[in-house]
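Only one structure is covered here, and it is reproduced in the block below.
Protein chains: 2
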Amino acid sequence: MANLSVLSLNKFRCLLGDRTIENIFDNASTLSEKSAVHINSTYQGGGVAEILNSLIILMNDVGIKTDWRVMHGSHDFFSVTKKFHNAIQGERIHLTELKKKIYYITNVNNAIFTHLNHDFVIVHDPQPLPIITCYKKRQPWIWRCHIDISEPMKELWDYLKMFIVKYDAMVVSMNKFRERNLPNHIIPQFIIRPSINPLNIKNDVISESTISRYMQKMGVVTDKPIISQVSRFDKWKDPKGMVKIFRLVRKKLDCQLVLMGSMAADDPEGQEIFRQVERAVGEDKDIHLIMNAPDIAVNALQRSSTVVIQRSLKEGFAITVSEALWKSKPVVASNVGGIPSQVLDNKNGYLLDPMDLQGFADRIIHLIKHPELSKKMGEFGKEHVRNNFLITRHLIDYLNLLKKVD
Amino acid sequence: MANLSVLSLNKFRCLLGDRTIENIFDNASTLSEKSAVHINSTYQGGGVAEILNSLIILMNDVGIKTDWRVMHGSHDFFSVTKKFHNAIQGERIHLTELKKKIYYITNVNNAIFTHLNHDFVIVHDPQPLPIITCYKKRQPWIWRCHIDISEPMKELWDYLKMFIVKYDAMVVSMNKFRERNLPNHIIPQFIIRPSINPLNIKNDVISESTISRYMQKMGVVTDKPIISQVSRFDKWKDPKGMVKIFRLVRKKLDCQLVLMGSMAADDPEGQEIFRQVERAVGEDKDIHLIMNAPDIAVNALQRSSTVVIQRSLKEGFAITVSEALWKSKPVVASNVGGIPSQVLDNKNGYLLDPMDLQGFADRIIHLIKHPELSKKMGEFGKEHVRNNFLITRHLIDYLNLLKKVD
């Protein structure tokens, strides 16, 4: 079983070489007497918490005494912040005084039991954003926003901006996610791309026997090609389109499709999408729908796949793409959001217009028919991730950021 | 809308009188230069987090600088600790070295980003129990166990005991939950019963119009008697038995049953129970099954009920009973777990053998037919909760505990 020890930077030596690791320790040395704290909210989905879990341990490992605080809130609070989230990404919502009050008071409440005396405070995403107003600011505060803020709903943004500009710096995941109307002299914006931890249970090397065991558990045979997509059952991930593409592929060759994803009980829209996909699948024994699988099953599936797909219609960064590339798999994906920074067309996979179902099918067939090409692309993909999307690069970005704002 | 301001002890003056509040402030004065931290795990269910949310704010309000830290863990960790939880309550599990390792390493990991320099450390439940081994102990540590540990699986308990005895004190919720084989000179055991916060959104006074709005949303009419149970859809809460009892009651008079509960997506047993209840209900328009309702809907339902039921076959404390009593409702309940400390037979409701379905039905009918009796019992129930199960009493218990271990 992978990952049953405490993470440390030294464990990356065999992946990255001694030189790189020594450089990171050197880079961190001027920060080694410092302390920092990350504040995020529990219910903002697994991605941010997954990154923080590795990043915070590595920050401690290089000598920065780093704490982690998690926001608590009521059902109402999370329902308001979910609406804010959608509105930041461009949807229109009804911005009432009541919503603002629920949002703000929850932050005041959290500040009561969040005593801060750190050298740096890093606040993640909109949920804890206003907490800055509850402190006498004695250190640099950074707002780390993981979502696309390039076209927010104006009325909400005007409200949130009053909190944002109190910070000393903000960080977004991609240049195209930046807010264009916040000039640098008001608040400097930095870019830090997401990353994967190659040593966690979702990405670490696992034995062939572990892989077989999990594939067997899922009822997926490994003697014919596997096409897979790991994504929430959500309209923006278009699982129904994926079923259509699969049927185009299967006209030409025998293969299987696995759609793996998580779904929250309180997400009626997700439940409905799942039922629609179930109906579309019908009695088809070659299509497997897998819900809420543990990380090790995600790992096993990605490693067993012949081709990995990311058929998003709209996307944030889609770090699942890097997870698949790291396992040396070619990825056929939509040319949206952060995907083109990970998939380089014709190098480690193919980028397509999400509407081009036949194009997806043709590329998948081509890769299944040309295992040598898949292998070459897979190797290129792994190197691309090694150079760009590992947690160690993320750590370096944070070290540089802290030095800049110090 | 209730509860849109920050909680403080002064807000309890109108409920408890100035004298009581002044006494609490006085009681806390010797601790006012102290600091404390609570550590719990996110996924241990809403009850503990709900209490901590109020308690920690009040501890800060009386002058103890109190922090809150939340444990992070993988799916595997929570699956192991869920098994531990069941085994502590008497089930048999297969206690492997792998399970112990996942449990322990997750605690080591959490200690890395949990820097403690407080005067008191309070650790909740088994999930973060071993974290004590990761620190040079410089202050009193308290293990606060919210579950029944009177008959734990021996092999697991022997393992956990090695961590438990490192603490300076432990706290359980009821005398009958105590571990009988841990003598006082090894570790003193204290009893602190759970409580409700009368000012949070689940319990605060809400307007008639708010109540009607939520009852309407749920499709429940208010012009005939409402019998309700608020509990997870779980075999130990016996929702199917509740449907049978309701049908016995309806032979005698026209009324409705509302079963309200939450259910996690990853709880297949709960899903199955829910489906069984749905089948038992069939087309019966007088039975309402309500899932994952917000707190304010729980409040509205309890306030609209004629009689509240707690038909548990096995029970921890069942704080939902105090929630109903606080709303001046008579409660007909099983004589199990912590229920008899809340329901006093013939005074504020009735206690019954959980197998006695006809007995439940008879008592419900009796209460519906005698509104004056229900009213009297409801008033008695509210006073009983005021004197015994409010968060302010809980706060006093904590103040006394901290003084004892200091």
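Protein chains in written order, with the numbering used here: chain S, 1 to 406; chain D, 1001 to 1406. A virtual CB, placed ideally from N, CA and C, is assigned to each residue, including glycine.
Query, Result
"DSSP three-state call for ARG190(S): helix, strand or coil?", "Note on residue identity: the sequence assigns Phe, not Arg, to residue 190(S). PHE190(S) falls in the strand class under three-state DSSP."
"Measure the C-alpha to C-alpha separation of LYS404(S) and PRO188(S) and round it to an integer number of angstroms.", "10 angstroms"
"Going along the chain, which residues of the segment 287–298 of chain S sit with their C-beta nearer than 7 angstroms to a C-beta in chain D?", "ASN292, PRO294, ASP295"
"If we count the other Cβ atoms within 10 Å of its Cβ and call it buried at 16 or more, is CYS14(S) buried or exposed?", "exposed"
"Using a beta-carbon distance below 8 angstroms, is ASN1203(D) in contact with chain S?", "no"
"Using only the alpha-carbon positions, how far apart do ALA49(S) and ALA1111(D) sit?", "16 angstroms"
"Is ASP67(S) close to chain D, meaning its C-beta is less than 8 angstroms from at least one C-beta of that chain?", "yes"
"Hey, is THR426(S)'s beta-carbon within less than 8 angstroms of any beta-carbon in chain D?", "With chain S running from 1 to 406 in the structure shown, residue 426(S) is simply not present."
"LYS176(S) to PHE317(S), Cα distance in whole Å?", "11 angstroms"
"List the DSSP bridge partners of LEU390(S).", "ILE196(S)"
"Closer than 8 angstroms, Cβ to Cβ, to anything on chain D: give me those residues from the segment 94–116 of chain S, in chain order.", "LEU98, LYS101, ILE102, ILE105, VAL108, ASN109, ILE112, PHE113, THR114, HIS115"
"Using 8 angstroms as the threshold, is the segment 278–286 of chain S in touch with the segment 321–332 of chain S, meaning 3 or more CB pairs across them?", "no"
"With respect to the alpha helix (DSSP H) encompassing MET215(S), which residues constitute its N-terminal and C-terminal limits?", "208–218"
"Taking Cβ-Cβ distances shorter than 8 angstroms, what residues in chain S pair up with THR1042(D)?", "THR42, VAL70"
"Whole angstroms are fine: how far does the CA of ARG193(S) sit from the CA of SER334(S)?", "19 angstroms"
"Rounded to whole angstroms, what's the CA-CA distance from LYS166(S) to ILE56(S)? Just pull it up for me.", "24 angstroms"
"At what residues does the alpha helix (DSSP H) containing GLY1261(D) begin and finish?", "Per DSSP, GLY1261(D) belongs to no alpha helix (DSSP H); it is in the beta strand (DSSP E), 1256–1261."
"Is ILE1056(D) close to chain B, meaning its C-beta is less than 8 angstroms from at least one C-beta of that chain?", "Judged by its chain identifiers, the structure shown contains no chain B, and its protein chains are S and D."
"Assuming ASP1331(D) contacts PRO1354(D) (C-beta within less than 8 angstroms), just tell me the rounded distance between them.", "Looking at the sequence shown, residue 1331(D) is not Asp but Val. With 8 angstroms as the limit, VAL1331(D) and PRO1354(D) do not qualify as a contact, their Cβ atoms being about 14 angstroms apart."
"Taking all protein chains shown into account, decide if ARG275(S) is buried (16 or more other Cβ within 10 angstroms of its Cβ) or exposed.", "exposed"
"Anything in chain D within Cβ reach of HIS384(S), meaning under 8 angstroms, just list it in chain order.", "Result: empty, since nearest Cβ-Cβ is about 27 angstroms, beyond 8 angstroms."
"Would you call ASP295(S) buried or exposed, if buried means 16 or more other Cβ atoms sit within 10 Å of its Cβ?", "buried"
"Under 7 angstroms Cβ to Cβ from VAL281(S), same chain only, skipping five residues before and after it: list those, please.", "VAL243, ILE287, LEU289"
"Quick check: what's the CA-CA separation for VAL1221(D) versus GLN1256(D)?", "9 angstroms"
"Say whether chain S places a C-beta atom closer than 8 angstroms to the C-beta of SER1074(D).", "yes"
"Identify the continuous alpha helix (DSSP H) that holds ASP295(S) and give its terminal residues.", "295–304"
"Using a C-beta to C-beta distance shorter than 7 angstroms, which residues of chain S count as neighbours of ASN1053(D)?", "HIS72"
"Measure the CB-CB distance between ALA1036(D) and PHE1120(D) and report whether it falls below 8 angstroms.", "yes"
"Does LEU351(S) come out as helix, strand or coil in the three-state DSSP assignment?", "strand"
"On the DSSP bridge assignment, give the partners of MET1071(D) in chain order.", "SER1041(D)"
"Quick check: ILE365(S) and VAL258(S), are their CB atoms within less than 8 angstroms of each other?", "no"
"Roughly how many whole angstroms lie between the Cα atoms of ASP1137(D) and ILE1039(D)?", "Inspection of the sequence shows that residue 1137(D) is occupied by Lys rather than by Asp. Roughly 15 angstroms separates the two Cα atoms."
"Compute the Euclidean distance between the alpha carbons of LYS11(S) and ASN1292(D), then round it to the nearest angstrom.", "43 angstroms"
"Are three or more beta carbon pairs between the segment 68–81 of chain S and the segment 95–109 of chain S nearer than 8 angstroms?", "yes"
"Nearest to SER32(S) by alpha carbon, out of SER41(S), ASN53(S), LEU4(S), LYS65(S)?", "LYS65(S)"
"Measure the CB-CB distance between ASN181(S) and VAL1006(D) and report whether it falls below 8 angstroms.", "no"
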